[in-house]
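Per my numbering, the very first residue in the sequence shown carries number -1; after that it's consecutive.
Virtual Cβ for every residue (Gly too), placed ideally from N, Cα, C.
Quick caveat: nothing in here was measured; it's all calculated off a predicted structure.
Encoded as structure tokens, the structure appears first; notes follow it.
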Amino acid sequence: MSDTTRTADRIEIADLFARLANLLDEHRHDEAHTVYSDDVVVRGPRGELHGLDEVTALLRRSRVEGERTQHVHGDVLVRMDGDRAEATANQIVYFHRDGEPPHRTSGLRVAGTAVRTPAGWRFGDMRITLAWTQGS
């Protein structure tokens, strides 16, 4: 694999974090397939989910009327291994209502395995660890 291909793959995998953030912030839960593989496993503070249907159902149930979020990722690291890669990022999530400052903020560590699929790179598994929460 050429350096150019590896670099392009790393950029596409890092891009998954930004696309996930936008999907969550815009409540486009039915588009989870654009960032997760069909058989994704997500482990986090709310338990373990298996497959796109469970992930999508949780995202829909978790929505609080009138509450908005802003997900921000940083410190993204990608370690390539052919058609798989380990990717990690720090994530800060701001919970707010339109025009108001955040009433809650959370810091998380997000780690996962990205897999190359016919549709492009997708997270095949994700581990979400809550580091801290401030506010209610």
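| said: Using a 10 Å radius around the Cβ and a threshold of 16 neighbouring Cβ atoms, would you call Q89 buried or exposed? | reply: If you number the sequence shown from 1, residue 89 lands on position 91. Buried is the call here.
| V91 and L75 look like a contact to me (Cβ under 8 Å); what is the Cβ gap, rounded to whole Å? | In the sequence shown, the residue the question calls residue 91 occupies position 93. In the sequence shown, the residue the question calls residue 75 occupies position 77. Going by Cβ atoms, the distance from V91 to L75 rounds to 19 Å, so no, they are not a contact pair.
| task | Using 10 angstroms around the beta-carbon of V40, count the other beta-carbons present and answer buried if the total reaches 16, otherwise exposed. | result | Along the sequence shown, read from residue 1 onward, the residue named residue 40 stands at position 42. Counting Cβ neighbours within 10 Å, V40 comes out buried, since at least 16 surround it.
| field | Beta-bridge pairing of E84 - partner residues as DSSP gives them | value | The sequence position of residue 84 within the sequence shown is 86, counting from 1. BP columns for E84 point to R77, T111.
| task | Output the boundary residues of the beta strand (DSSP E) element that contains E46. | result | The residue you call residue 46 lines up with position 48 of the sequence shown. 45 to 48 is the extent of the beta strand (DSSP E) around E46.
| alpha helix (DSSP H) segment containing A129, residue limits | Start at 1 with the first residue of the sequence shown, and residue 129 comes out as number 131. No alpha helix (DSSP H) contains A129, which is instead part of the beta strand (DSSP E) from 118 to 133.
| Extent of the continuous beta strand (DSSP E) run through D37 | Walking along the sequence shown from the start, residue 37 turns up at place 39. Run containing D37: 34 to 42, per the beta strand (DSSP E) assignment.
| request: Would you mind working out which of H48, D123, D1 sits nearest A85, comparing C-alpha positions? | output: As a position in the sequence shown, residue 85 is number 87, starting the count at 1. When each option's Cα is compared against that of A85, the closest is D123.
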